[in-house]
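J.: In order, the protein sequences belong to chains A and B. Residues are numbered in my numbering as their position in the first sequence, beginning at 1, plus a constant of 524. Residues are numbered in my numbering as their position in the second sequence, beginning at 1, plus a constant of 202.
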Amino acid sequence: MPTNQGLQTKLQKEIEELALSITEIVVKFRELHNPLRESSEKVPQATEQLDKISEQTEAATHQMLDRVEEIVQQVEESKSGLEKIRTCVKENRIDDIEGIIQDLTNKADVTCNGAYTIMDALQFQDITSQQMNHAASLLEDIENKLQSIMGVLNGRQDDKDKSSDKETGKKNRVYDPHADLFEKKTEQSVIDDLFAKKT
Amino acid sequence: MTDLKILAVDDSPTMRRIIINTLKRAGFSDVIEATDGQDALAKMKVDKVNFVITDWNMPEMDGLSFVTTLRGMDEYKSLPILMVTTRSVKDDIMEALKAGVNNYIVKPFTPETLKEKIEQVLAG
């Protein structure tokens, strides 16, 4: 049987160890707070960015489909024009051909312009690619924070080290966080004024 | 105007194709391309270019560093440079202006705007 003195010493030691453990837990919770807060802020940002990509890709696709439909219409009308020329030749109505050829030339111009419009609209790929990189970067930040949380929970420093090693192997993401297909923060006319003032 | 040799610098292969096609439509057929600032500087050692169109956000060397580097070299102090980028925040535009960019277009651009800005820069 331990003496009162011995029991008191043992109890004091236990309490001291408990106090140390509580302090350690408090420190760990403090360490967890920032990554958790940062992660919870970044999830909605990443979601918003992915929604924007989806909306802007759909809008750009519709613009291109409109032009493709116009081009198909022009090609159908051009085929019909070529049939008319064939008929004119068969019936020896040479004078009527000139008007049809002019009409076909106009349709070819419209078709060509439609194709150029599609090419211009394809700029959306660069913009959505930057938006994707922004979203991916936010998700990678969340992944890093979660790894650091796991490190704190497991009481290991090596998780942090692993994430920093992983970071070096990650894709170098270059993007404009404000890249947008439809909304420009500064209009071209304002940019023109800024450059005009310089000269 | 047509004897102009233009260097188009953009890390996006899609954008480079669009820019080159747009330039050809506008009558500028002599165009070479580079994927970022470093690649552009290497190309400029081989080919003499007299007009640069550059993006901003690129790996290795971004557009702003590229412009700053060029302006620090005697032979390129007055080389016409047009920046074509998604960056539309006014502070960014001011930064490009200070770095020595001659004009600035925000993507997506129209072929008319690209042609107009090239002509404006060339007219001085």
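All residues carry an ideal CB built from backbone N, CA and C; glycine is no exception.
What in chain A is Cβ-close to serine 290 of chain B, meaning under 7 angstroms?
T.: Locating residue 290 of chain B in the second sequence gives position 88, where the first residue counts as 1. Per Cβ cutoff of 7 angstroms: His702, Lys708, Lys709, Thr710.
J.: Determine, using beta carbons only, whether threonine 224 of chain B and proline 313 of chain B come nearer to each other than 9 angstroms.
T.: As a working mapping, residue 224 of chain B is identified with position 22 in the second sequence. As a working mapping, residue 313 of chain B is identified with position 111 in the second sequence. Their beta carbons are under 9 angstroms apart, which means threonine 224 of chain B touches proline 313 of chain B by this criterion.
J.: Between which two residues does the beta strand (DSSP E) carrying alanine 210 of chain B extend?
T.: One-based indexing of the second sequence puts residue 210 of chain B at position 8. Start and end: 208-211.
J.: Distance, Cα to Cα, serine 578 of chain A vs leucine 628 of chain A?
T.: Counted from its first residue, the first sequence places residue 578 of chain A at position 54. Counted from its first residue, the first sequence places residue 628 of chain A at position 104. One C-alpha to the other measures close to 38 angstroms.
J.: Please name the residues in the segment 617-645 of chain A whose beta-carbon is closer than 9 angstroms to at least one beta-carbon of chain B, in chain order.
T.: Cβ contacts with chain B: Tyr640, Met643, Asp644, Ala645.
J.: Given a cut-off of 9 angstroms on the beta-carbon distance, is the pair leucine 272 of chain B and valine 254 of chain B in contact?
T.: Within the second sequence, numbered from 1, the residue matching residue 272 of chain B stands at position 70. Within the second sequence, numbered from 1, the residue matching residue 254 of chain B stands at position 52. Contact flag set, yes.
J.: Hey, does leucine 299 of chain B have any beta-carbon neighbour from chain A nearer than 9 angstroms?
T.: Locating residue 299 of chain B in the second sequence gives position 97, counting from the first residue. At least one chain A Cβ lies under 9 angstroms of leucine 299 of chain B.
J.: Which of the three DSSP states is assigned to phenylalanine 648 of chain A in this structure?
T.: The sequence position of residue 648 of chain A within the first sequence is 124, counting from 1. Residue state, collapsed to three classes: helix.
J.: Tell me which residues of the segment 298-319 of chain B have at least one Cβ-Cβ distance to chain A shorter than 8 angstroms, keeping chain order.
T.: Residues passing the 8 angstroms Cβ filter: Leu299, Asn304, Asn305, Tyr306, Ile307, Val308, Lys309, Pro310, Phe311, Thr312, Pro313, Thr315.
J.: Does lysine 694 of chain A have its Cβ less than 9 angstroms from a Cβ in chain B?
T.: Mapped onto the first sequence, residue 694 of chain A falls at position 170. Cβ-Cβ to chain B under 9 angstroms: no for lysine 694 of chain A.
J.: For a contact defined as C-beta to C-beta under 7 angstroms, what are the partners of proline 261 of chain B on chain A?
T.: Sequence index remark: in the second sequence, residue 261 of chain B carries index 59 (1-based). Here the neighbours are Asn696, Val698.
J.: Ordered along the chain, which non-local residues of its own chain (more than five positions away) have a Cβ less than 7 angstroms from that of proline 261 of chain B?
T.: By one-based count along the second sequence, residue 261 of chain B stands at place 59. Asp213, Asp238, listed in sequence order.
J.: Give the straight-line distance between the Cα atoms of isoleucine 621 of chain A and asparagine 630 of chain A, rounded to the nearest whole angstrom.
T.: The residue given as residue 621 of chain A occupies position 97 in the first sequence. The residue given as residue 630 of chain A occupies position 106 in the first sequence. Their Cα atoms are separated by approximately 14 angstroms.
J.: Who are the neighbours of glutamine 580 of chain A on chain B, taking C-beta pairs under 7 angstroms?
T.: Along the first sequence, one-based indexing puts residue 580 of chain A at 56. Neighbours of glutamine 580 of chain A on chain B: none; closest Cβ ~11 angstroms, over 7 angstroms.
J.: By the three-class DSSP mapping on this structure, what secondary structure does aspartate 689 of chain A have?
T.: Here residue 689 of chain A refers to the residue found at position 165 when the first sequence is read from its first residue. Because the pLDDT of aspartate 689 of chain A is 46, which lies under 50, any placement of that residue in the model is unreliable, and the question is left without a value.
J.: If contact means a Cβ-Cβ distance below 8 angstroms, which residues of the segment 213-228 of chain B contact chain A?
T.: Against chain A - using a Cβ distance shorter than 8 angstroms - the residues of the segment 213-228 of chain B are Asp213, Ser214, Thr216, Met217, Ile220, Asn223, Thr224, Arg227.
J.: Return the residue from the list A/Leu677, A/Lys669, A/Tyr699 that minimises the CA-CA distance to arginine 561 of chain A.
T.: As a first step, residue 561 of chain A must be located in the first sequence, where it is residue number 37. Arginine 561 of chain A has its Cα closest to that of A/Lys669, out of A/Leu677, A/Lys669, A/Tyr699.
J.: Among A/Ile625, A/Ala703, A/Leu662, whose alpha-carbon lies nearest the alpha-carbon of leucine 606 of chain A?
T.: Here the question's residue 606 of chain A lines up with position 82 in the first sequence. Checking every option, the nearest Cα to that of leucine 606 of chain A belongs to A/Ile625.
J.: Look up methionine 285 of chain B in the DSSP assignment and give the residues it is bridged to.
T.: Mapped onto the second sequence, residue 285 of chain B falls at position 83. Answer by DSSP bridge pairing, in chain order: B/Thr256, B/Tyr306.
J.: So that I know if they touch, is there some Cβ in chain B lying closer than 9 angstroms to that of glutamine 738 of chain A?
T.: As shown, chain A starts at 525 and ends at 723. That puts residue 738 of chain A outside it, with no answer to give.
J.: Considering valine 233 of chain B, what are the terminal residues of the beta strand (DSSP E) in which it resides?
T.: Residue 233 of chain B sits at position 31 when you count from the first residue of the second sequence. Valine 233 of chain B -> beta strand (DSSP E) spans 233-236.
J.: Helix, strand or coil: which one does DSSP assign to methionine 263 of chain B?
T.: For the purposes of this step, residue 263 of chain B is identified with residue 61 of the second sequence, where counting begins at 1. Looking at methionine 263 of chain B - three-state DSSP - the assignment turns out to be coil, as it is neither helix nor strand.
J.: Using C-beta distances below 6 angstroms, list every residue in its chain close to phenylalanine 648 of chain A, excluding the 5 sequence neighbours before and after it, in chain order.
T.: Walking along the first sequence from the start, residue 648 of chain A turns up at place 124. The answer, listed in chain order, is Ala584, Leu705.
J.: List, in order along the chain, the chain B residues whose C-beta lies closer than 9 angstroms to that of serine 653 of chain A?
T.: Reading the first sequence from its first residue, position 129 is the one you call residue 653 of chain A. The contacting residues are Ser214, Thr216.
J.: Under the three-state reduction of DSSP, which class applies to serine 214 of chain B: helix, strand or coil?
T.: Taking the second sequence and counting its residues from 1, one reaches residue 214 of chain B at position 12. It is coil, neither helix nor strand.
J.: Report the neighbours of lysine 603 of chain A on chain B: residues whose CB is nearer than 8 angstroms to its CB, in chain order.
T.: Taking the first residue of the first sequence as 1, we reach residue 603 of chain A at position 79. None at all; the shortest Cβ gap to chain B is about 26 angstroms.
J.: Assuming lysine 566 of chain A is part of the alpha helix (DSSP H), what are its boundary residues?
T.: Within the first sequence, residue 566 of chain A is the residue found at index 42, counting from 1. Note, lysine 566 of chain A: alpha helix (DSSP H), 528-614.
J.: Roughly how many angstroms separate the alpha carbons of asparagine 304 of chain B and valine 251 of chain B, rounded to a whole number?
T.: Position 102 of the second sequence, counted from the start, is the residue given in the question as residue 304 of chain B. Position 49 of the second sequence, counted from the start, is the residue given in the question as residue 251 of chain B. C-alpha separation (whole angstroms): 16 angstroms.
J.: Can you find at least 3 beta carbon pairs, one from the segment 712-719 of chain A and one from the segment 283-300 of chain B, that sit closer than 8 angstroms?
T.: Counting Cβ pairs under 8 angstroms, three or more are found: they touch.
J.: Chain B beta carbons: is any one of them nearer than 9 angstroms to that of isoleucine 577 of chain A?
T.: For the purposes of this step, residue 577 of chain A is taken as residue 53 along the first sequence, with counting starting at 1. With 9 angstroms as the cut-off, isoleucine 577 of chain A does not count as an interface residue toward chain B.
J.: Determine whether the Cβ of isoleucine 715 of chain A lies closer than 9 angstroms to any Cβ atom of chain B.
T.: Within the first sequence, numbered from 1, the residue matching residue 715 of chain A stands at position 191. It does: the Cβ of isoleucine 715 of chain A has a partner Cβ on chain B nearer than 9 angstroms.
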